[in-house]
Structures are given as C-alpha cells and as structure tokens.
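What follows is one structure encoded as structure tokens, with my remarks underneath.
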Amino acid sequence: MSRLDSFIRRLEAQRACLDLAAEAIRGIDGIVLELGLGNGRTYDHLRERLPEREIIVFEREVRAHPACIPDDDHLVLGSIEATLPSFAEHSSGRAVLVHSDIGTGDAERNQALAAWLAEALPPLLRPGAWVAADQALIAPSLARQSMPAGIAKDRYFLYRYAPA
766 MSRLDSFIRR
776 LEAQRACLDL
786 AAEAIRGIDG
796 IVLELGLGNG
806 RTYDHLRERL
816 PEREIIVFER
826 EVRAHPACIP
836 DDDHLVLGSI
846 EATLPSFAEH
856 SSGRAVLVHS
866 DIGTGDAERN
876 QALAAWLAEA
886 LPPLLRPGAW
896 VAADQALIAP
906 SLARQSMPAG
916 IAKDRYFLYR
926 YAPA
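If you count the sequence shown from 1, position 136 lands on 901 in my numbering, and the numbers rise without skipping.
Here's what the structure looks like:
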C-alpha cells in the first residue's frame, strides 16, 4: 500500500472514530481535550460536530492553519508530559472525550508515550468518557471499543472509560 493510501485510510479511520465518539457522548456533560493540534483538521472537525462543547487543545508548538487555532483560553502550549498533569490538577474528572494524535515516526517513542498517556488520562476522565487515539492505550479503566464499520483493527483506537 502506498503511503498516500495509508494516510487516507488513517484519516478515514480518525474521522469515523471521532464521529462515533461524538455521538456517544451526547447527553454527558464535560469538556473535550484535543491532544496534538497539528494542522488543526481534527480540532476543526470536533468544533463542527460538537459546537456546544468546550474544547481544550494541547500542543507543543502551533503550526496550524490560522482558521483552526483555538483562542488563548483554550490552548495549552508546551510538552504534553508537563502540561497535561498540570491541567489535571484543576480539571480532574471533567473530560468526556479525548482525542490523542501525538504519535511520532519513532516506534519506541510512540510506545513510551502511549504507556505514559494510558496512566495520565484516567484522572481527567468522567465515567463513560470516550478516548480516540492514534496509539494503543493499555489501562484497566480504558475498555477498548469496536471500530466503526469498514475500519481495520488497529488502524485507530477507541476506548470508553470505566473506572473500577
């Protein structure tokens, strides 16, 4: 498969997972966290799908399309390893949806980041919250969900938070 075809499949999976999760959280109060702004495409998609929701974006360095940059009150700049725990100190249990697209081209780094994230996310989540991620997250409280129709297993990952 060409890299272009692989990229297209990843974006299709990402959109399908976000749409499923956005529908699943209807009626559950809480904020949305976007981990990794990138070019701003998924942030823009989430704004469109969830216009009533507060969306907080975490990004190391903003390089997004100008129309897809959140205001300063909804943008947390810096290393995710530093900013997410700091945010959790005052926002514990508030997130109803988290989208994480912070993988790199380095498999070892991705694995370490996913392991860290699987531990860092649960304190932020409300019971019943959903997580869509580009990396597998292994945590007892994150129950893996079935992928939307037509999306290959392990192309993207969906979880529902079920605290013990």
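Backbone N, C-alpha and C define an ideal beta-carbon position, used for all residues, glycine too.
Span separating the alpha-carbon of residue i from that of residue j
i	j	result
G792	S844	32 Å
A914	A832	31 Å
T848	L800	11 Å
A904	E884	7 Å
Y926	H864	13 Å
L907	T869	22 Å
Short CB-CB distance (under 8 Å) between residue i and chain C
i	result
G792	In the structure shown, chain C does not exist; there is a single protein chain.
Cβ neighbours of residue i in the same chain (closer than 8 Å, five flanking residues each side left out)
i	result
L909	With the sequence shown as reference, residue 909 is identified as Arg, and Leu is not the correct amino acid for it. Same-chain partners within the cutoff: F922, L923, Y924.
Test item: CB-CB of residue i and residue j under 8 Å
i	j	result
L878	L798	no
R920	R891	no
A897	A786	yes
Residue burial classification, residue i (beta-carbon count within 10 angstroms, cutoff 16)
i	result
I821	buried
A781	buried
F772	exposed
Q779	buried
P928	exposed
Integer-rounded CB distance, given that residue j should sit under 8 Å from residue i
i	j	result
F852	V841	6 Å
V827	L802	6 Å
Cβ shell of residue i (< 7 Å), same chain only, five flanking positions each side left out
i	result
P850	A885
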